[in-house]
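K.L.:
One structure, pasted below without further comment.
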Amino acid sequence: MKIVIINYGAGNIQSIMFAIERLGFKAVLSNNPEEIQSADKVIFPGVGEASSAMTKLQESGLDNLIPQLEQPVLGICLGMQLMCNSTEEGNAKGLGIFDVDVIKFTQNVKVPQMGWNQIYDLKSDLFKGISENEFMYLVHSFYAPDCEYAVAKTNYDIEYASALQKDNFYGTQFHPEKSGDVGEKILGNFLKM
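Here it is as structure tokens:
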């Protein structure tokens, strides 16, 4: 199986590589459109600021490629947010895969949300064998509101979508690669799709 992690200069790449290796697979880093298109599975990571990350995707043409991919694609953290229509972070336009706009947490809570929080209302094969209310690791100041694509939710002042799915596209706001055995099981479920 060919697993490609999109390398566009805004990723939590090493921890994902190590998690995939612990699961018994190998992944390659690439920003080459042909290599990404030929992958069996694509992981779209992201750590950083949304508008600069979108600029990097636009400069490489990956902003046009990613929404056209037909194999399973997993966006992680900022990767998931960039798969949405837009984000308030830098007022950036997203890839438009998920018809939802990413917004900032209110001043009622400390931002970023950093640390462990629960996921629940699990509705995808991504969570096969995963119990409700498992703890996942999150670091984010912006979130996707609960919507028709939500396949997991989390509560941090308000209830929001901590995972999204539409067709072959999946997104997790949490970091499965940093969430211990349960997170790696979720990553493994994605690789088996």
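In UniProt numbering, the protein residues as written are 1 to 193. Virtual Cβ for every residue (Gly too), placed ideally from N, Cα, C. Since the model is a prediction, treat every value here as computed from it, not as a measurement.
#1: May I ask which residues mark the beginning and end of the beta strand (DSSP E) holding M136?
#2: Assign G115 to buried or exposed, taking buried as 16 or more other Cβ atoms, counted over all protein chains shown, within 10 Å of its Cβ.
#3: Would the beta-carbon of Q118 fall within 7 Å of that of F105?
#4: Measure the alpha-carbon distance for K123 versus A152 and round it to whole angstroms.
#5: Could you pull out every residue in the same chain whose Cβ sits closer than 6 Å to the Cβ of G75, ignoring the five residues on either side in sequence?
#6: Taking the alpha-carbon of A161 as reference, which of A150, R22, D125 has the nearest alpha-carbon?
#7: Span of the alpha helix (DSSP H) holding K182?
#8: Per DSSP, what kind of secondary structure is M54 in: helix, strand or coil?
#9: Indicate whether the contact test is met: 3 or more Cβ pairs, each with one atom in the segment 48 to 58 and one in the segment 83 to 100, closer than 8 Å.
#10: To the nearest whole angstrom, what separates the beta carbons of I13 and L29, a pair I think is in contact under 8 Å?
#11: With DSSP collapsed to three states, give me the class of G9.
#12: Suppose contacts are defined by Cβ-Cβ distances below 7 Å. Is V109 in contact with A144 by that definition?
#13: In three-state terms, what does DSSP make of F18?
#14: For the segment 91 to 130, which segments carrying the beta strand (DSSP E) assignment without a break, of at least 3 residues, lie completely within its bounds, in sequence order?
#15: Considering only C-alpha positions, which residue in the set L65, Q58, Y120 is nearest to E132?
#16: Helix, strand or coil, according to DSSP, for P33 in the structure here?
#17: If we ignore side chains and look at the alpha-carbon of each, how far apart do P72 and N85 end up?
#18: Output yes if chain C places a C-beta closer than 7 Å to the C-beta of E89; else output no.
#19: Alpha carbon to alpha carbon, how far is D63 from P112?
#20: Measuring straight from C-alpha to C-alpha, what distance separates L78 and L138?
P.N.:
Quick answer:
#1: 134 to 140 is the span of the beta strand (DSSP E), which, as asked, contains M136.
#2: Taking every protein chain shown into account, the CB of G115 has fewer than 16 other CB atoms within 10 angstroms, so this residue is exposed.
#3: Judged by their CB atoms, Q118 and F105 are not nearer to each other than the 7 Å cut-off.
#4: For the pair K123 and A152, the Cα-to-Cα distance works out to about 7 Å.
#5: Only F44, M83, G171 meet the Cβ criterion.
#6: Comparing Cα-Cα distances from A161 to each of A150, R22, D125, the minimum goes to A150.
#7: According to the sequence displayed, residue 182 carries Val and not Lys. The continuous alpha helix (DSSP H) containing V182 extends over residues 180 to 191.
#8: Three-state result, M54: helix.
#9: Under the Cβ criterion (8 Å, minimum of three pairs), the segment 48 to 58 counts as touching the segment 83 to 100.
#10: With 8 Å as the limit, I13 and L29 qualify as a contact, their Cβ atoms being about 6 Å apart.
#11: Judged by DSSP in its simplified three-state form, G9 adopts coil rather than helix or strand.
#12: Contact flag unset, no.
#13: Residue state, collapsed to three classes: helix.
#14: DSSP runs (the beta strand (DSSP E)) wholly in the segment 91 to 130: 98 to 104, 113 to 119.
#15: Comparing Cα-Cα distances from E132 to each of L65, Q58, Y120, the minimum goes to Y120.
#16: Three-state DSSP puts P33 in a helix.
#17: Cα-Cα distance, rounded: 19 Å.
#18: Here chain C cannot be found, since the structure has a single protein chain.
#19: D63 and P112: Cα-Cα distance of roughly 26 Å.
#20: So the two alpha carbons sit approximately 11 Å from each other.
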